[in-house]
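Chemist: Just dropping this structure here.
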Amino acid sequence: MNRRVGTVSEEPGAVYRLFDDMPLGVFVLRDGLLVHANAAMSRLTGVARELLVGQPVTALLWEPGPLEEPPDRLARRLGTAPVAGTYEAWLHVGDGGVRVELTVHPHARDWVVQVRDVTCRVRRRMVLRRLAELGSAVRSLHSEDAVREEVFRGLEALELGFAWLTPRGVGVELSVAGLAPRLVPHAPALGGRVRAEAPGGWAPALVRTWRDGDAWVEDLGVEASRFVSEARMDAVLAVFRRAQTHRAVGVRIDVENAPMAMLVLASEWLSEEDVSAVRLFGQQVSAALDAARTIQRLSVRATALTALGRLAAQAASAPHPRAFFGSGTEEISGLLGCDAVCLLLPADTRHEPGEPLELVYSRGLSEDAVARVRRARLGSLPRPGGMPDAVQVLEAEACPAPTRDALRALAFQTLVSVPLRVRSRGVGTLSVLFHARRRLTALEVETLQAMGTHFAAAIESHRLLDEVRGRAEDLALMHEVGKALAATLELDRLLATGVTSLARIVDVPDAYVLLPDAEGQRLAIRAATGGHPELLGREVPLDLSSNSLASQVFRTRQPLRVEDADTEVRVHDELRQAAEGLAYMVLPLAVHDQMVGVAVMVETRRPRRFTPAELERADAIANQLSLALEGARLVEDLKQSYAKLARTQEQLVNRERLAALGELSAVVAHEVRNPLGAIFNSVATIRRIVGPESAATPLLDIVGEEADRLDRMVADLLTFARPPSPHPYPVSVSQLLEEAVGSALSDVGATLPHPVRVEWVMEEGVPPVTVDERLIRQCFLNVALNAVQAMPQGGTLRVVARRAWVDRAGVQVEFCDTGPGIPLELRTRVFEPFFTTKAQGTGLGLALVKRIMDSHLGQVSLDTPETGKGTIFRLFLPLEPPVAPPLPQTGA
419 MNRRVGTVSE EPGAVYRLFD DMPLGVFVLR DGLLVHANAA MSRLTGVARE LLVGQPVTAL
479 LWEPGPLEEP PDRLARRLGT APVAGTYEAW LHVGDGGVRV ELTVHPHARD WVVQVRDVTC
539 RVRRRMVLRR LAELGSAVRS LHSEDAVREE VFRGLEALEL GFAWLTPRGV GVELSVAGLA
599 PRLVPHAPAL GGRVRAEAPG GWAPALVRTW RDGDAWVEDL GVEASRFVSE ARMDAVLAVF
659 RRAQTHRAVG VRIDVENAPM AMLVLASEWL SEEDVSAVRL FGQQVSAALD AARTIQRLSV
719 RATALTALGR LAAQAASAPH PRAFFGSGTE EISGLLGCDA VCLLLPADTR HEPGEPLELV
779 YSRGLSEDAV ARVRRARLGS LPRPGGMPDA VQVLEAEACP APTRDALRAL AFQTLVSVPL
839 RVRSRGVGTL SVLFHARRRL TALEVETLQA MGTHFAAAIE SHRLLDEVRG RAEDLALMHE
899 VGKALAATLE LDRLLATGVT SLARIVDVPD AYVLLPDAEG QRLAIRAATG GHPELLGREV
959 PLDLSSNSLA SQVFRTRQPL RVEDADTEVR VHDELRQAAE GLAYMVLPLA VHDQMVGVAV
1019 MVETRRPRRF TPAELERADA IANQLSLALE GARLVEDLKQ SYAKLARTQE QLVNRERLAA
1079 LGELSAVVAH EVRNPLGAIF NSVATIRRIV GPESAATPLL DIVGEEADRL DRMVADLLTF
1139 ARPPSPHPYP VSVSQLLEEA VGSALSDVGA TLPHPVRVEW VMEEGVPPVT VDERLIRQCF
1199 LNVALNAVQA MPQGGTLRVV ARRAWVDRAG VQVEFCDTGP GIPLELRTRV FEPFFTTKAQ
1259 GTGLGLALVK RIMDSHLGQV SLDTPETGKG TIFRLFLPLE PPVAPPLPQT GA
């Protein structure tokens, strides 16, 4: 290459000047030097003709690599060596080179060399080779997106223009387009790849491509102008006319033996003979997409099967449904790439058709979104023959109004509803939400259906398990109740056990048992559990005018269920407000068609529809309670018979004792009062005789006081022996207590060295009692005197009055002192006549209290406070006592 530049010894002949107008480059060699070069050669090298003449050929030609140098090859040709007359070499052009084809012709002593630029031919071979390599490479990719992306990237690297077009409706959509910047140097903005998604028409070349599989395009600009709308046709033509004419080849892309898209390749060097090569490339891309779709489908199916396997394992190992909801919805979200998943189940375990569903679990929703979805109620259980079992893919606008409004507010555009069914029975709905419009593939729908089956099976299995557990618990509870009811015959314990068991068996906060009174005119609350124990003793009339569920059940002997108490006119308003009831279950308590009472179960948390199964369980407890109550009633009747017999016997004995005591009292009173009269007269006479200043006056006072005490003792004795018959009428208990306690304090309390403080505990609403006012006042006074006298050093007298139930409704009064108390061994004798522990007592005060309480069919008892100090006297008076037998009279 560093050969010396020589000079031409002879002027070339005029014949060589004929080459000047030829379009091909031509130069003439003589002795290795250029003696002539035409204008085309000058343009090809970029060097003036006069500068080329005299240059050695080695300054123009070169071949990179270990191949034979073109000058050497040319020298062998000039030396008559057997070398091809046409071959390719590199021509020096500036700092680079141009691939040229040399054709050598001998002419006398010179050599005429034709030079043809074959750069495009080299590029064409290189591009077609790499295009084939690209088609082979994309077959190893595993997704359609990856195949398309690799194809587009490879075409960009080859500086080929391309377009990916797919049919849309009646037209064609240009999805992706790419132009190498060198193809449109006048419009650089058009260079590069663009996701156009532009609709267009069926240009003739596209029609041929879609129909025949390939098409040759002589002028891409013309075809592009026919693709766009008429308004843009001139603008497109103007762009392409400013550039070199582009030729193109269109091929159809087939996937799974069906046309899918069209790929158009464009370049200035393409020729019609390249259609077969481009068609082969299209077939390679089609095969790659086909394989990728198959691989992707298998991969998705494998992923779905794996997810289903995990889902099944999680559903089988979850201790309860909620432990499975989180992992299950996570599998769905990962498989579909959804934005939210909601699980809706019926609030009632009966799963009735048409029942609205409630949101129990969600993934991907905020708290506000959850609240909105709950208000929208995205579904309900299908009715038989209603909503199909298949998965439904719904656009937001196609949903019912509440659901549509909620989806709009949360920016969801697609709702996929998966009905959860077990043996054609709906158990819930799975809702999958997408912010974007989403079409599900058949495999995704199939997988969702299978996942819904797993959800439904898990929910149903846990429901059945819970039902079995519930039945086992119910049976255990019934067994426990049966044992508890059989273990006692005490009415109060039976009622407490029964009412608690009824509340537990149907899971309600409150329950009550009402029993009829002796006349069968009213029902009274005899037992209560829950938050309203103050309702004990409340009564409900049994007449037809009574607006009461309990009265109706007692009359009809049929159970009642009330779902919403606010809309039920048969509910007793006063009791409903007091019990704060919102739903009721009322059961009859009957034995052999004989009513023994009514059981009322009250739901205070929310309106509730009690199920037939709950009614059945509660009725089983009610039947056991009815039998136990009937047994307790029979035992109670027997006890009462024995008690009545014992009382009658005791009355006979007391009658005889009191008759004897009456006779003795009359005799003693007669014999004592006559001397007492003489004593009173004598003392009064002596006082007048001796005068007030006499030293004997204190002695006279003592005689007078003792005579008065003896006279009071005689009066008490006569009162105890001949008590008057009571004349009852309604009296206020609180008024009687205030009068009696006030009298006791004024009679005894004033003489004590330390005052006695009175503490009043009066329950509101204590009703009046039907008693003999004079006798009960005397009764309260005797007990109050006894309590005050027991506290000589002062103390506290606590007086209590409240409603109570002791075999019947009544009022209980308590006197509690803080004195030394009564020894245990003496408590059984405090109500005996003439028994006293006081130095000046007669022993008739508490005995008279006992007789007065017996005359009113009341009860009196004593106890020790929890503090262990003092005594409590409890007096129970029925509100309306039956007619009492006459008190035994003395024989006086």
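Under our numbering, think of the first position of the sequence shown as 419, with each following residue one higher. Note that beta-carbon positions come from the ideal geometry of N, C-alpha and C, so glycine has one too.
(1) Taking the straight line between their C-alpha atoms, what separation do you get for methionine 805 and alanine 666?
(2) Using DSSP with H/G/I as helix, E/B as strand and the rest coil, what is histidine 1145?
(3) When the Cα of threonine 521 is compared with those of Phe445, Glu591, Glu1157 and Leu559, which residue comes out closest?
(4) Please name the residue, chosen from Pro1006, Asn1204 and Val1184, that lies closest to aspartate 1165 on a Cα-to-Cα basis.
(5) Which complete beta strand (DSSP E) runs does the segment 576-600 hold, if anything under 3 residues is left out?
(6) Can you grab the Cα-Cα spacing for the pair isoleucine 1290 / proline 1283, in whole Å?
(7) Run through the DSSP bridge pairs and tell me what tryptophan 1178 is partnered with.
(8) Under three-state DSSP, which class holds valine 834?
(9) State the Cα-Cα distance for the pair tryptophan 582 and threonine 865, rounded to the nearest angstrom.
(10) Three or more C-beta pairs under 8 Å: does that hold for the segment 775-784 against the segment 743-763?
(11) If we ignore side chains and look at the alpha-carbon of each, how far apart do alanine 1162 and threonine 1236 end up?
(12) Residue range of the beta strand (DSSP E) that isoleucine 943 falls in?
(13) Between which two residues does the alpha helix (DSSP H) containing glutamine 1153 stretch?
(14) Beta carbon of alanine 929, beta carbon of valine 917: below 8 Å?
(15) Go to isoleucine 1240, then tell me how far its beta strand (DSSP E) extends in each direction, as first and last residue.
(16) Do aspartate 632 and glycine 668 have their C-beta atoms closer together than 8 Å?
(17) Could you check how far apart the C-beta atoms of glutamate 591 and alanine 616 are, in whole angstroms? I think they sit under 8 Å.
(18) Quick check: the segment 876-896 against the segment 1035-1054, are there 3 or more CB pairs under 8 Å?
(19) As a quick exercise: from Val924, Leu913 and Glu952, pick the residue whose alpha carbon is nearest that of alanine 945.
(20) Looking at the strands, I want to know which residues DSSP matches up with threonine 1188.
(21) Cα separation between valine 1009 and leucine 1215?
(22) The alpha helix (DSSP H) with serine 1273 in it runs from where to where?
(23) Taking C-alpha atoms, which residue in Thr1254, Gly870, Arg1292 and Phe1252 lies nearest to methionine 1271?
(24) Looking at C-alpha atoms only, which residue of Leu1128, Thr871 and Ala860 is the closest neighbour of leucine 848?
(25) Note down the Cα distance separating glycine 1183 from glutamate 952, rounded to an integer number of angstroms.
(26) Could you tell me which whole alpha helix (DSSP H) segments of length 4 or greater appear in the segment 448-482?
(27) Is DSSP giving methionine 869 helix, strand or coil here?
(28) Under 7 Å Cβ to Cβ from phenylalanine 1294, same chain only, skipping five residues before and after it: list those, please.
(29) Taking the beta strand (DSSP E) that arginine 534 belongs to, which residues open and close that run?
(30) Is the segment 1234-1250 touching the segment 1185-1201 in the sense that three or more CB pairs, one from each, lie closer than 8 Å?
(31) Is the segment 810-829 in contact with the segment 870-887, if contact means three or more CB pairs nearer than 8 Å?
(32) Would you mind stating whether proline 1186 and proline 1148 have Cβ atoms separated by less than 8 Å?
(33) Taking a contact to mean a Cβ-Cβ separation below 8 Å, would you say alanine 710 touches leucine 559 in this structure?
(34) Using the Cβ count rule (16 or more neighbours within 10 Å means buried), how would you classify glycine 949?
(35) So serine 647 packs on alanine 614, CB below 8 Å; how close in whole Å?
(36) Identify, in the order they occur along the chain, each residue of the same chain with its Cβ nearer than 8 Å to the Cβ of glutamate 1177, setting aside the five sequence neighbours on each side.
Modeler: Looking at the atomic coordinates:
(1) Residue placement at methionine 805 cannot be trusted, given a pLDDT of 45 that sits under 50; the coordinates are not used to answer.
(2) coil
(3) Phe445
(4) Asn1204
(5) 579-586 and 589-597
(6) 6 Å
(7) Val1217
(8) strand
(9) Taking the Cα positions, tryptophan 582 is about 32 Å away from threonine 865.
(10) Yes, they touch.
(11) 16 Å
(12) 940-947
(13) That run of the alpha helix (DSSP H) goes 1151-1165.
(14) yes
(15) Unbroken run through isoleucine 1240: none, as it is neither H nor E.
(16) yes
(17) 7 Å
(18) yes
(19) Ranking Val924, Leu913 and Glu952 by Cα distance to alanine 945 puts Leu913 first.
(20) BP columns for threonine 1188 point to Pro1148.
(21) 48 Å
(22) 1263-1273
(23) Nearest option by C-alpha distance: Arg1292.
(24) Thr871
(25) 11 Å
(26) 457-463 and 467-470
(27) helix
(28) The residues are Ala1222, Val1224, Gly1228, Gln1230, Gly1276 and Gln1277.
(29) 528-535
(30) no
(31) no
(32) With respect to proline 1148, proline 1186 sits close: the two C-beta atoms are nearer than 8 Å.
(33) yes
(34) exposed
(35) A Cβ-Cβ separation of about 14 Å leaves serine 647 out of contact with alanine 614 under the 8 Å criterion.
(36) Thr1214, Leu1215, Arg1216 and Val1217
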